[in-house]
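In the UniProt record's numbering, the protein residues as written are 1 to 226. All remarks here apply to the structure that follows.
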């Protein structure tokens, strides 16, 4: 407990820091914490990350379908259709998804996107809205792969705890709040804060995929799909 104010009425020296966020990355929920909380809620969470070589299962397809309906792609299929579909129908779609993920060959129809048009000259780019509607099956396949990559990256400590990008549940606001706390705490203690900002131009465009794949130990078939 913090010390009470002294005779001058001023708060003690350890009063202000106690009101600030800690000057270090916040403690986020770990895999073991999630497993413990899940057991209390009588749900099942595997403590072992799935293998990248495993193919998506029927249960993972059903879980990925639990998304609020949005405008469908060119095939007209919406999420609610898959939610209410029988296991036989889902198994059929699961075979398609697994084939796409395993071979990297995406059907042409899944690559076609619907683009909305505004008023104006149809020959001008400004007449079209920057909104494209993908096939639900394509989005589900991406969702399944993303979840698996995210789980493996987090549970295998491939991402630093001080990193905020690519972490589920973390955002720029988390990083800014910690940075702001460091500044305020250092100001209170009469210290200085030094920081550097680095913005790599076209960073994603210049990634060497072969090096990245080997570093992440990613199967070739999954890399081909990505």
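Just so it is clear, CB atoms sit at the ideal spot from N, CA and C, and this is done for glycine as well. Please read these numbers as outputs of a predicted model, since none were measured by experiment.
- Within the region 82-152, the complete beta strand (DSSP E) segments at least 3 residues long are 114-117, 128-133, listed from N- to C-terminus.
- If the five residues before and after residue 197 are omitted, its C-beta is found closer than 6 Å to no C-beta atom of its own chain.
- Counting along the chain, the unbroken alpha helix (DSSP H) around residue 176 starts and ends at 172-188.
- Out of 146, 181, 177, the CA that lies nearest to the CA of residue 167 is found in 146.
- Taking all protein chains in view, the Cβ of residue 164 is crowded by 16 or more other Cβ atoms within 10 Å, so the residue is classified as buried.
- Between residue 96 and residue 144, the C-beta gap is not smaller than 9 Å, which leaves the two residues out of contact.
- Taking each of 113, 191, 161 in turn and checking the Cα distance to residue 139, the smallest one comes out for 113.
- In the structure shown, the three-state DSSP call for residue 204 is coil.
- With respect to residue 135, residue 103 sits apart: the two C-beta atoms are not nearer than 9 Å.
- Distance from the CA atom of residue 183 to the CA atom of residue 161, rounded to whole angstroms, is 20 Å.
- The three-state secondary structure of residue 191, taken from DSSP, is coil.
- For residue 88 and residue 180, the gap between their C-alpha atoms comes out near 54 Å.
- DSSP, reduced to helix, strand and coil, places residue 214 within a helical segment of the structure shown.
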